[in-house]
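First residue of the sequence shown: 793, per my numbering; consecutive thereafter. Contents: one structure, followed by commentary.
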Amino acid sequence: MNSLLENFSKPILFILLGAFSLVYLRAWARNMAAQVPSSKKPSILELTIGFITNFFDSLGIGSFAPTTSWFKIQKLVPDEHIPGTMHVGHSLPVIVQAFVFMTIIQVDMLTLIALIAMAVAGAWLGARSITRWPRNYIQIGLGLALGVAAITFVMQLLGVELVSNLTGNSLKLMGSKLYVGMAGTFVMGALMTLGVGMYAPTMIMVSMLGMNPVVSFPIMMGSCAFLMPTASIRFMHSNAYSLRPALGLALGGIPGVLLGALVIKEMPLDLMRWLVVVIVTYTSFAMLKSAYTERITDSENF
């Protein structure tokens, strides 16, 4: 029965993702056709940004924060176009990541489909409630929670067992753990609508549920591959993005993704667990810093 589910569910998931990809590419091709020809050729710098940021994205570090910093430092994109440019440009590399990681990393298909479906549902159904919450409070809460989780994970890796199962090697979730995972990805999908990334929370959740941390990659990338193209099309329709930098992210990003996927595939499990610690710690500090910066900005504006 399990092998039958595996045989049918994976192709169906790939077909659905392929359909999403075609809709996104068709919309972008139409939008590109209406733009000035000279604005379509990305520079070496823009291709380099795409390669580097998507390489780190495929390691689970994320691409939005470094892309934003690079765009601002180089003054490549107007501030109001940065969100749209990142969504449009990074969508194609994320789709490639999803296909690659769902192919090369072994994971139970029921678990994968359930968690991806709940992330998508969270983005659609939970967005109305989540967007009413103060963004900086969410960042503070999640940043502190990730910090505690990182410390707990380090203690576990050093041999001090504070929480059981943190160094598990399972490829599937069953029973109550599956329901906890589904609830977790639902919330993460909803938080993505506020610009709060799901990579680090997914990594730590998967580890705490006793799974091999590498399983988080097809879950994370699969969820984002279904969510980002939809947001990208909205930005295209309103022309709220810059075409050339977006093309640089997309074209430079694909080889970066393939290199990153090779690194993840060959990485030993113990090193992977330490990578999770680094990513979760980095994300915790980044969220707390962002919340502090936004609070200072709001008080100055007030």
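We treat Cβ as the ideally placed atom computed from N, Cα and C, and that holds for glycine.
Residue i (DSSP reduced to helix, strand or coil)
| i | result |
| --- | --- |
| SER1030 | coil |
| ALA826 | coil |
| VAL869 | coil |
| LEU950 | coil |
| ILE1011 | helix |
| GLY854 | coil |
| VAL988 | coil |
| PRO926 | coil |
| LYS802 | helix |
| ALA833 | Inspection of the sequence shows that residue 833 is occupied by Lys rather than by Ala. LYS833: coil per DSSP, three-state reduction. |
Between the CA atoms of residue j and residue i - distance to the nearest angstrom
| i | j | result |
| --- | --- | --- |
| THR985 | ALA915 | 6 Å |
| LEU936 | LEU1080 | 8 Å |
| PRO875 | ALA982 | 17 Å |
| THR903 | MET997 | 13 Å |
| ALA1038 | GLY852 | 21 Å |
| GLY1002 | TRP1066 | 16 Å |
| LEU938 | ILE844 | 25 Å |
| ILE932 | PHE1077 | 10 Å |
| VAL912 | GLU1086 | 27 Å |
| VAL1069 | ALA942 | 6 Å |
| GLY960 | MET1000 | 8 Å |
| ALA825 | GLY854 | 30 Å |
| ASN928 | MET901 | 35 Å |
| ILE887 | TYR1074 | 24 Å |
| LEU934 | VAL828 | 43 Å |
| MET995 | GLN948 | 15 Å |
| ARG822 | ARG1036 | 15 Å |
| SER968 | LEU1043 | 42 Å |
| LEU1054 | SER1034 | 30 Å |
| HIS1110 | PRO993 | The question about residue 1110 has no answer here: the residues shown for the chain are numbered 793 through 1094. |
| PRO885 | ARG1026 | 18 Å |
| LEU868 | SER962 | 44 Å |
| PRO834 | THR944 | 44 Å |
| ILE1071 | GLY1040 | 25 Å |
| ARG818 | VAL940 | 44 Å |
| PRO1010 | ASN1031 | 31 Å |
| MET878 | ALA1083 | 21 Å |
| VAL972 | GLN866 | 43 Å |
Continuous alpha helix (DSSP H) stretch holding residue i: start and end
| i | result |
| --- | --- |
| VAL912 | 901-917 |
| THR994 | 991-1000 |
| GLY1040 | 1035-1058 |
| SER743 | What is shown of the chain runs 793 to 1094, which leaves residue 743 out entirely. |
| ALA975 | 967-984 |
| ILE841 | 836-850 |
For residue i: DSSP bridge partner residues
| i | result |
| --- | --- |
| SER1095 | It is not possible to answer for residue 1095, since the shown part of the chain is limited to 793 through 1094. |
*Could you tell me whether the stretch 882-897 touches the stretch 801-812, where touching means 3 or more Cβ pairs closer than 8 Å?*
Enough Cβ pairs lie closer than 8 Å, so yes.
*Take every Cβ of the stretch 902-920, pair it with every Cβ of the stretch 1011-1029, and state whether three or more of those distances are shorter than 8 Å.*
With the cut-off at 8 Å, the stretch 902-920 and the stretch 1011-1029 touch.
*asked:* Does the contact criterion of 3 or more C-beta pairs under 8 Å hold for the stretch 1059-1074 versus the stretch 973-981?
replied: Contact between the stretch 1059-1074 and the stretch 973-981 is absent: fewer than 3 CB-CB pairs across the two stretches fall below 8 Å.
*Does the pairing of the stretch 834-850 with the stretch 809-823 give three or more beta-carbon distances under 8 Å?*
No, the stretch 834-850 does not touch the stretch 809-823.
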